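Asks: Have a look at this one.
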Amino acid sequence: MFAKFLLPLLAPAVAASYVAKPPGPQDSNVCVVEPGANGTDSAPAILEAFERCGHNEDDASQPRGQVVFKNETYHIQSVMNTTGLRNVDVDLKGTLLWDQNIPYWLNHSLPVGYQNQSSAWLFGGENVHWDGHGYGTLDGNGQVWYDFVNGSNNYPGRPHQITVTGSRDSIFQGIRFVQSQMWTVTIIHSENILMEDIYVNSTDTKQEVGFEFSSLNTDGADTIYANNITFRRWVVDNGDDSIAMKANSTNILIEDCRFHTGLGIAIGSIGQYNGEFEVIENVTARNIEILDNMRYGVYVKTWTGRTAGYPPNGGGGGLGYASNMLFQNFTLEGATGIFAVTQCTSYNEATGGCDTSEFHIRDLVLEDWHGTAVSDVVAAVQCSAARPCTGIEIKDINIVDTVNGTAPASYLCDNVVDPQGFACTGPTWEENNR
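So this is what it looks like as structure tokens:
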């Protein structure tokens, strides 16, 4: 079978262009992407492949389109927008390696459409099946970004590695994401998406990684305006949220995952846009391992009711609710905390206003948690007096505090109405604005 090849012309890198070998009669919808010669930009060839083979009709008599990456390295030196795809299989056996041209990316990364965030690659479509076979890799060359931002939060123009946008009825499997520039996978305005057998490692090789170090903002995945999203068998090692549900995330399932080093599963942040009504609803996370001194197993964070500054680092005053959340069968190994709620998030981590949020946290269950933690506090639940938390249930907790060898017994609460399965032992010790 002949295939369609995208080949670089023999021209200087700055003027590289690409042509396609005419396809045979039986394979007009197969595009095999050739990497740019001598490390030149492969993005034009990738864009052409998706344009030629990524848009296919709903016709059962016709084969699906295919975009095939060889087991080679593809250097990415410019932004990519491959949206509006339809009925296409993506076969990734090689590595897409982003370059280190920080000024270019700061000035050209593509708007995500939320929090003034931006992305190196906008990818989306209907009935897309992407298979990385367990070794196909997206490498964001993140160390240069960790050094450059040096702990700065949400640096303007710093790109997410890939944004899945406007997608539905699609599967992503067996993909490796390493050294992401910022957030790894952002799923926005999408529904009915399965992401399974995914590996993420965005760790700082020059200093200890963790929530206080320079790989900040390297979330494994974030959902925004997303419905019916499944994360199955993920391994994430990073310096921020493992997986985070943000505005209007509904029917989210996270199962059979292992998370290392970072902050844990996050609900939020949310409530950032003044007067806007947003929800997070029907979230289940089960069979989760929390390893290597992570900050929490799960934490919930909303902005205060006061507005200060602008997104991504400012805001507040948002409305809505987070509801019907189940976190079941968690194994912790040396976590520095177990579970937390804070409604104190504010501009540049400013203090005050914890009692002002009108965003309602309700109907949240922690069940069957076991393992070890470096904490004698099971839960620190810092809810807003303006909209107290309701329906908080914690049961079947079997965790050992490795400091003293006993079971944690403290449940610190502010504005928690009728807690189920536990009794509040006192107020929270300090304001948590992270």
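Residues -16 to -1, 1 to 418 (mature numbering (1 follows the signal peptide of the UniProt record, and there is no 0)) make up the sequence shown, in order.
Where a beta carbon is used, it is the ideal one built from N, C-alpha and C, also for glycine.
For clarity, every value in this text was computed on a predicted model and none was experimentally measured.
Can Ile213 and Ile182 be called in contact, C-beta distance under 7 angstroms?
Replies: Cβ distance not < 7 angstroms, so Ile213 and Ile182 don't count as in contact.
Asks: Ends of the alpha helix (DSSP H) at Arg36?
Replies: Ala27 to Cys37 is the span of the alpha helix (DSSP H), which, as asked, contains Arg36.
Asks: Can you have a look at Trp82 and say buried or exposed, based on whether 16 or more other CB atoms are within 10 angstroms of its CB?
Replies: Buried, by the Cβ-count rule.
Asks: Under 6 angstroms Cβ to Cβ from Lys70, same chain only, skipping five residues before and after it: list those, please.
Replies: Sequence inspection shows Arg at residue 70; the Lys mentioned does not correspond to that position. His39, Asn40, Gly109 and Glu110.
Asks: Do you know offhand how far Gly246's Cα is from Trp353's?
Replies: Rounded to the nearest angstrom, the two C-alpha atoms are 18 angstroms apart.
Asks: Hey, out of Val358, Thr329 and Phe323, whose CA is closest to Lys379's CA?
Replies: The residue with the shortest Cα to Cα distance from Lys379 is Phe323.
Asks: Considering Cα atoms alone, identify which of Asp188, Val384 and Thr67 is closest to residue 428.
Replies: As shown, the chain starts at -16 and ends at 418. That puts residue 428 outside it, with no answer to give.
Asks: Work out the CA separation of Val162 and Asp123 for me, nearest whole Å.
Replies: Cα-Cα distance, rounded: 5 angstroms.
Asks: Would you mind listing the beta strand (DSSP E) stretches within the segment 59 to 85 that are 3+ residues and don't spill past its ends, in chain order?
Replies: DSSP runs (the beta strand (DSSP E)) wholly in the segment 59 to 85: 64 to 76 and 79 to 82.
Asks: When the Cα of Ser62 is compared with those of Lys54, Thr24 and Gln50, which residue comes out closest?
Replies: For Ser62, the nearest C-alpha among the options comes from Thr24.
Asks: Quick check on Phe406: does DSSP put it in helix, strand or coil?
Replies: Reduced to three states, the DSSP call for Phe406 is coil.
Asks: Out of Pro403, Val169, Gln366 and Leu178, point me to the one whose CA is closest to Asn185's CA.
Replies: Considering only alpha carbons, the answer is Val169.
Asks: Can you check whether the CB of Asn201 is closer than 7 angstroms to the CB of Met166?
Replies: Result yes, Cβ atoms of Met166 and Asn201 sit closer than 7 angstroms.
Asks: Let me confirm a value: Gln404 is counted as buried when at least 16 other C-beta atoms fall within 10 Å, else exposed. Which label applies?
Replies: Burial call: exposed.
Asks: Buried or exposed: where does Ser359 fall if 16 or more other Cβ atoms within 10 Å of its Cβ makes it buried?
Replies: So Ser359 counts as buried.
Asks: Quick one: Cα of Phe195 to Cα of Val74, how far?
Replies: Low confidence applies here, because Phe195 scores a pLDDT of 48, under 50, leaving its location unreliable; read the following figure in that light. About 34 angstroms.
Asks: Between Thr298 and Tyr331, which are expected to be in contact by the criterion C-beta below 8 angstroms, what is the C-beta distance as a whole number of angstroms?
Replies: Position check: residue 298 holds Gly in this sequence, whereas Thr was assumed. Confirmed, Cβ separation roughly 4 angstroms.
Asks: Taking the alpha-carbon positions, what's the Val316 to Ser226 distance?
Replies: Note that residue 316 is Leu in the sequence shown here, rather than Val. Distance between the alpha carbons of Leu316 and Ser226: 14 angstroms.
Asks: Looking at the structure shown, is Glu333 part of a helix, part of a strand, or coil, going by DSSP?
Replies: Helix at Glu333.
Asks: With a threshold of 8 angstroms, are at least 3 pairs of Cβ atoms found where one atom belongs to the segment 283 to 294 and the other to the segment 84 to 98?
Replies: With a cut-off of 8 angstroms, the segment 84 to 98 and the segment 283 to 294 do not count as touching, because too few Cβ pairs lie within range.
Asks: Between which residues of its own chain and Asn235 is the CB-CB distance below 7 angstroms, once the five residues before and five after are set aside?
Replies: Around Asn235: Asn211, Asn212 and Asn266.
Asks: By Cβ distance below 7 angstroms, which residues in the same chain neighbour Gln101 in space, the five residues on each side in sequence not counted?
Replies: His144 and Pro296.
Asks: Name the DSSP bridge partner or partners of Lys379?
Replies: Paired residues: Glu351.
Asks: What would DSSP say about Tyr294, mapped onto helix, strand or coil?
Replies: Tyr294: coil per DSSP, three-state reduction.
Asks: Do Arg216 and Glu262 have their C-beta atoms within less than 7 angstroms of each other?
Replies: Going by C-beta atoms, Arg216 is not nearer than 7 angstroms to Glu262.
Asks: Based on the DSSP output, what are the partners of Lys285 in its beta bridges?
Replies: Answer is Gly252 and Thr326.
Asks: For Cys241, tell me which candidate among Ile272, Thr268, Ala231 and Gly255 has the shortest Cα-Cα distance.
Replies: It is Ile272.
Asks: Which residue marks the beginning of the beta strand (DSSP E) containing Gln366, and which one marks its end?
Replies: That run of the beta strand (DSSP E) goes Val361 to Gln366.
Asks: Would you report the Cα separation of Thr96 and Ser151, rounded to the nearest angstrom?
Replies: The sequence shown places Val at residue 96, not Thr. Cα-Cα distance, rounded: 14 angstroms.
Asks: With C-beta atoms as the reference, is Gly293 less than 7 angstroms away from Glu260?
Replies: In this structure, Glu260 does not lie closer than 7 angstroms to Gly293 by Cβ.
Asks: Buried or exposed for residue 421, going by 16 or more other Cβ atoms inside 10 Å?
Replies: Because residue 421 is not part of the residues shown, which for the chain are -16 to 418, the question remains open.
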